[in-house]
Structures are given as structure tokens and as C-alpha cells.
Amino acid sequence: MNARIASALLVSLSLAGTAHAGPLQTAPQARLVAVAFDPAARVTETRFDAAGHVAQGYDLLRKGKQAQAVELFDKVIADADRRLAGDLRPRLCRDGGADAPDAVQVDAALCEAHFGKGFALIDLGRGDLAEAELRQASQMAPRNAHFANEYAELFKARRSWERSHELFAHAWSVVDKSTSGPDASVAARALRGMGYTKAAMGQYDEAEALYRQSLQYDARSEVARVELGNIARKKAIGS
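Those letters in the sequence shown? Residues -21 to -1, 1 to 218, by mature numbering (1 follows the signal peptide of the UniProt record, and there is no 0).
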């Protein structure tokens, strides 16, 4: 507080105490000065709400407002970059990361921000920029099969079959294998992705087996059934 203002408050306290305050009373000015000089009463800086920004960003994605979502995700990323400035260690998410003694553990919201930004950029037709974001999310959360699946889809769209298959296979390797578990749809998608890339490379028997396996996790998948039909026709005509 400015010294002149503090001095004025103390003078005001002295005069008010003499004129109005009894021996057991506290004058209003006394309470004011107490607040002004009590460190515990000072307002502390509000912590940046990364998780809240990510939640809002995903909500905007659902509403088709990708550009606005990117702005929110960028704020989360910028906040982390500011706090970790100069720290060159690899970043791993607390949820979905791998054990690495030389890495710094970061809030899972940061990983979601990179992933959400990549997802939005694809919708905006900027797959060239999306790749770096999806790669970052996947590297920071190597045990997150959902991230790996989305990253694989980017290469599938580019017809980079081997790289796409590699990422779908990684998703399958880390996902929960329970056919009735909460990640059953993620597992099914990884298997369908591997099946698609195998079929694209002409490896129809392997592709068929993967699609049939995917039906154990998502029995109602029309995509799997259609692709199985396509494979059967290609095998019949020898293409």
C-alpha cells in the first residue's frame, strides 16, 4: 500500500478511536487497516483452470465451432509452456502416460488440449497442422488408445497404410481387452483400423480376421459388416 495512504488511514484510526470507539469496541477504520495490512486477507492469484478450458473446448467442437475451440486449447497449451519454460524434459500425462524417470508429469488437460486442437484442425482442413498436435498428444499419453486411433486415422486418410496400421496396432496393444469393458468401442475401432489397412495392402485374410475379431467388441458395427462383404467380393474375383 502507498505510504501516504497508510499514514492517512492510521491518523483516521487514531481520531476515530478517540471520538467514537469505546475501550472494547473496534472502529470501522480499524477493521479497514487490519484488512489492508493482514497478508492472510489479501486476494491470491486464481489458478488457471486448464480442465475447464478443455471442457469448454470440447463443447465448442460438438457445436461445430472448431476455430473457437482451437483458441481455448491454445490457452491451455500456452499456460503450460509458460510454467514449464526452460524445462527440456519430455512431458508425460499423469493419466495415460508411461513410467519415465527423466520425464516431467503434466496435467492430463494439457494432453487433451493438444488432442482437441488436432481434432479441430482436421475438421478445419488443416491436417498439416493437426499432425503435430496429435503426435504430441500420443507421445505424452502413450497408453491412451483413443489418441492413437485418431492419430492413425490421419495417416489412413493420407493412404499411408503401413504407418496407419502401426498406430492402430499400438492402440490395440494398450487398450483394455475386455469385450464388455468401457473401452470396448475403442478396441473395436483399433481392430477395424488394422483390418482396413490390411485390406488396402491386399492382405485380405488378415483383414477379414481382424474385422471378425472387432465384432466381438462391437457386434452392431455396420462398418465391419460392409467391409467384410467388400473383402469377400475382392477375394472372389481375385483382386
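For glycine and all other residues, C-beta sits at the position ideal for the given N, C-alpha and C.
These figures come from a predicted structure and were not determined experimentally.
- prompt: Under a three-way DSSP split, which group does Arg41 fall into?
  reply: Looking at Arg41 - three-state DSSP - the assignment turns out to be helix.
message: So if DSSP puts Arg70 in a beta bridge, which residue, or which two residues, is it bridged to?
response: Beta-bridge partners of Arg70 (DSSP): Val83.
message: Which of the three DSSP states is assigned to Ser139 in this structure?
response: When DSSP states are grouped into helix, strand and coil, Ser139 belongs to the coil group.
Stretch-stretch touch, CB-based, cutoff 8 Å, three pairs: the segment 134 to 141 with the segment 91 to 100: Segments in contact, no.
query: What do you reckon, are the CB atoms on Val85 and Ala124 nearer than 8 Å?
result: Not a contact, by the Cβ cut-off of 8 Å.
- request: With distances taken Cα to Cα, identify the nearest neighbour of Ala211 among Tyr196, Glu185, Arg199 and Ala198.
  value: Cα-wise, what sits closest to Ala211 is Glu185.
message: Quick check: the Cα distance between Arg73 and Ile56, rounded to an integer number of angstroms?
response: Cα to Cα, Arg73 sits roughly 16 Å from Ile56.
Three-state secondary structure (DSSP) of Thr176: It is helical.
- prompt: So what's Phe52 in DSSP terms, helix, strand or just coil?
  reply: Under the three-state reduction of DSSP, Phe52 is assigned to helix.
message: Does the segment 144 to 158 come into contact with the segment 114 to 124, if we say contact requires no fewer than three beta-carbon pairs (one atom in each stretch) closer than 8 Å?
response: Proximity of the segment 144 to 158 to the segment 114 to 124 meets the contact definition, three or more beta-carbon pairs being nearer than 8 Å.
message: Taking the straight line between their C-alpha atoms, what separation do you get for Asp28 and Gln115?
response: CA-CA distance, Asp28 to Gln115, rounds to 21 Å.
task: Return helix, strand or coil for Asn123, following the three-state DSSP convention.
output: Collapsing the DSSP output to three states places Asn123 in coil.
- prompt: If you drop the 5 nearest sequence neighbours on each side, which residues of the same chain put their C-beta closer than 7 Å to that of Lys156?
  reply: Excluding residues within five positions, the ones whose Cβ falls inside 7 Å are Ala166.
message: So, at 6 Å on beta carbons, what are the nonlocal neighbours of Glu112 in its own chain, with the 5 sequence-adjacent residues on each side left out?
response: If the five residues before and after Glu112 are omitted, its C-beta is found closer than 6 Å to the C-beta atoms of His93, Lys96 and Gly97, all from its own chain and listed in chain order.
- prompt: What are the start and end residues of the alpha helix (DSSP H) that includes Gly208?
  reply: Where Gly208 is concerned, the enclosing alpha helix (DSSP H) stretches over Glu201 to Ile216.
query: Excluding the five sequence neighbours on either side, which residues of its own chain have a C-beta within less than 7 Å of the C-beta of Glu24, listed in chain order?
result: Residue confidence is low: Glu24 scores 47 on pLDDT, short of 50, so the model does not pin down where it sits. Its coordinate-derived value is still stated next. No residues qualify anywhere along the chain.
task: Tell me whether residue 222 sits in a helix, a strand or coil according to DSSP, three-state version.
output: Only positions -21 to 218 of the chain appear in the structure, and residue 222 is not among them; the question remains open.
query: Buried or exposed: where does Leu39 fall if 16 or more other Cβ atoms within 10 Å of its Cβ makes it buried?
result: With 16 or more other Cβ atoms within 10 Å, it is buried.
field: Residue from Met173, Ser159 and Leu67 with nearest C-alpha to Leu189
entry: When each option's Cα is compared against that of Leu189, the closest is Met173.
- prompt: When DSSP labels each residue in this structure, what does Phe27 get in the three-state scheme?
  reply: Three-state result, Phe27: coil.
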